[in-house]
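The opening residue of the sequence shown carries number 0 in numbering that gives the first Met the number 0; numbering runs sequentially from there.
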Amino acid sequence: MPADQRRINGPDASHSYKLYSKEYLQALENQLNRTDRGNEESRKIFIESGILSNSRGSAYIEMGNTKVTVAVVDPREIPKNNKYREEGDLYCDFKFSPFSCVKRKLPQTDAEEKSYALALKRALQPAVCRYTFPNFQVDVLVNVLENDGSALAAAITAAGLALSDAGIPMYDVITAACIGISEDKFLVDPTGAEEEICNLVGSVHGTITMARLSRLEQISEVFQSGFLPLDTVKKGCEILLKTNQDIAPLVQQLISKKVTKQVKANKLAELERMEVTIIKEEKME
0 MPADQRRING PDASHSYKLY SKEYLQALEN QLNRTDRGNE ESRKIFIESG ILSNSRGSAY
60 IEMGNTKVTV AVVDPREIPK NNKYREEGDL YCDFKFSPFS CVKRKLPQTD AEEKSYALAL
120 KRALQPAVCR YTFPNFQVDV LVNVLENDGS ALAAAITAAG LALSDAGIPM YDVITAACIG
180 ISEDKFLVDP TGAEEEICNL VGSVHGTITM ARLSRLEQIS EVFQSGFLPL DTVKKGCEIL
240 LKTNQDIAPL VQQLISKKVT KQVKANKLAE LERMEVTIIK EEKME
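Pasting the structure below:
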């Protein structure tokens with residue numbers, strides 16, 4: 000059907016004019032005054048591994064109301080690859096559930112999910128020993144069940160734990176944190192409403208997500224949006240370094256507990272096999 004040439008078509012994406020009124024901006028700025036926690040304080044974190052039975056490795060993380068699951072699939076040959084690769088590859092898929100956001104997400108992958116998937120891949124690659132699976136790729140599948148801010152940071156932290164749960168060799172534990180910036184306010188681990196404000200209000204506004212390798216003390220990814228001067232980005236990264244240092248022991252402790260539990264289970268299994276062998280030998284005698 001031909002389009003109506005007389006109709007004035009609006010832009011594909013638009014914002015309400017109320018977003019730029021003084022009364023609305025003042026109301027938004029008042030929401031940035033936290034009462035439940037400090038500006039440089041993260042929300043409570045719950046993290047667990049091995050939650051999915053149909054994948055080689057998995058993890059689940061809650062950061063406030065943000066809930067993310069990550070599944071890691073067995074290594075497979077890189078599709079449509081004619082040349083041999085000495086290093087393996089990571090395939091990262093980032094998906095918001097249709098009910099996870101305030102506005103319902105479409106089944107098709109949008110630009111935000113694609114950019115988050117690329118940022119996730121850049122963050123994880125320096126942490127994985129890719130030379131151990133040449134010419135193969137490992138699939139990392141992220142699903143956001145509920146998005147209340149800092150979804151990318153939560154996904155990176157959970158993905159590192161899921162890779163460890165899958166037995167993929169890694170150089171170090173990887174964690175990530177997010178900070179929202181609006182004028183002179185720095186808000187660590189912003190909620191969904193705070194993220195929206197930081198991406199709209201003020202001449203200086205935006206968010207920064209930083210991924211860090213704890214033992215190696217290396218930054219593997221910095222994902223920034225908005226309009227931020229260099230000095231503001233530098234200060235935000237310094238705050239994120241401290242936040243990552245606080246998150247890393249939680250992940251390390253969880254991995255340590257799982258390894259200890261697995262070692263004990265292997266020892267018990269070995270003792271049972273030895274007892275069975277001794278009983279068989281006694282019967283033969």
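Glycine is no exception: its CB is placed at the ideal position from the N, C-alpha and C atoms.
Taking the Cβ atom as the reference point for each residue, do residue i and residue j lie within a distance shorter than 8 Å?
i, j, result
"I238", "I178", "yes"
"S219", "R211", "yes"
"I173", "A116", "no"
"V72", "S96", "no"
"A161", "V67", "no"
"V143", "Y90", "no"
"S99", "N38", "no"
"G191", "N198", "no"
"I285", "G235", "The first residue shown for the chain is 0 and the last is 284, placing residue 285 beyond what the model contains."
"I46", "L249", "yes"
"F226", "L151", "no"
"L119", "V101", "no"
"T131", "P168", "yes"
"D171", "S213", "yes"
"P228", "V262", "no"
How should residue i be labelled, buried or exposed, when 16 other C-beta atoms within 10 angstroms of its C-beta is the threshold for buried?
i, result
"Y59", "buried"
"C128", "exposed"
"M0", "Its pLDDT being 47, under 50, M0 is placed unreliably by the model, and the measurement read from it follows with that caveat. That one is exposed."
"S57", "buried"
"Q136", "buried"
"S186", "Reading the sequence as shown, one finds Leu at residue 186 and not Ser. Counting Cβ neighbours within 10 Å, L186 comes out buried, since at least 16 surround it."
"M283", "exposed"
"T34", "exposed"
"T65", "buried"
Measuring alpha carbon to alpha carbon, tell me which residue in the options is nearest residue i.
i, options, result
"A176", "K241, V67, S57", "K241"
"Q251", "R42, S48, T34, R36", "S48"
"V232", "M283, I180, G191, E281", "I180"
"A158", "A122, F185, Q136", "A122"
"D109", "A70, D35, F93, T208", "F93"
"A70", "Q261, T131, T156, E269", "T156"
"S215", "P228, N243, E193, V203", "For the sequence presented, residue 215 should be read as Leu rather than Ser. Looking at the Cα atoms, N243 is the closest of the given residues."
"M345", "N265, N64, Q217", "Residue 345 lies beyond the stretch modelled for the chain, which goes from 0 to 284, so this question has no answer here."
"G166", "P78, A264, I278, P74", "P74"
What span of residues does the beta strand (DSSP E) with residue i cover, start to end?
i, result
"C128", "It is not in any beta strand (DSSP E) - C128 carries neither H nor E in the DSSP assignment."
"R211", "204-212"
"D138", "135-145"
"Y59", "56-62"
"V221", "217-226"
"Y90", "88-95"
"V184", "Here the sequence assigns Lys to residue 184, which means Val is not the residue at that position. Segment 184-187, the beta strand (DSSP E) holding K184."
"E47", "44-48"
"G179", "173-181"
Would you give the residue range spanned by the alpha helix (DSSP H) that residue i belongs to?
i, result
"R272", "229-283"
"C197", "191-197"
"T65", "Segment 65-71 is the beta strand (DSSP E) holding T65; no alpha helix (DSSP H) there."
"A110", "110-123"
"L151", "150-164"
Can you give me the Cβ contacts of residue i inside the same chain, cut-off strictly under 7 Å, excluding the 5 residues immediately before and after it?
i, result
"K113", "none"
"M273", "none"
"Q124", "L89"
"M62", "R42, I44, S149, A153, D188"
"E194", "G148, G179, T206"
"E280", "none"
"E76", "N134, F135"
Take residue i and list the residues in its own chain whose beta-carbon comes closer than 8 Å to its own, dropping the five residues that flank it on each side.
i, result
"T276", "none"
"P133", "Y83, R84, E85, E86, G87"
"N80", "N134"
"R36", "R42"
"K257", "S48, G49, D164"
Consider the Cβ of residue i: report whether some Cβ of chain B lies at a distance smaller than 8 Å.
i, result
"I218", "Here there is only one protein chain, and chain B is not present."
Please list, in chain order, all residues of the same chain as residue i whose beta carbon is under 6 Å from its beta carbon, the five residues on each side excluded.
i, result
"I254", "S163"
"E269", "none"
"K104", "F95, P97"
"E271", "none"
Given the structure, does residue i come close to the ligand PLP, in the sense that its CB is under 7 Å from one of the ligand's heavy atoms?
i, result
"I196", "As presented, the structure is devoid of all ligands, the ligand PLP included, so that no description of it is given."
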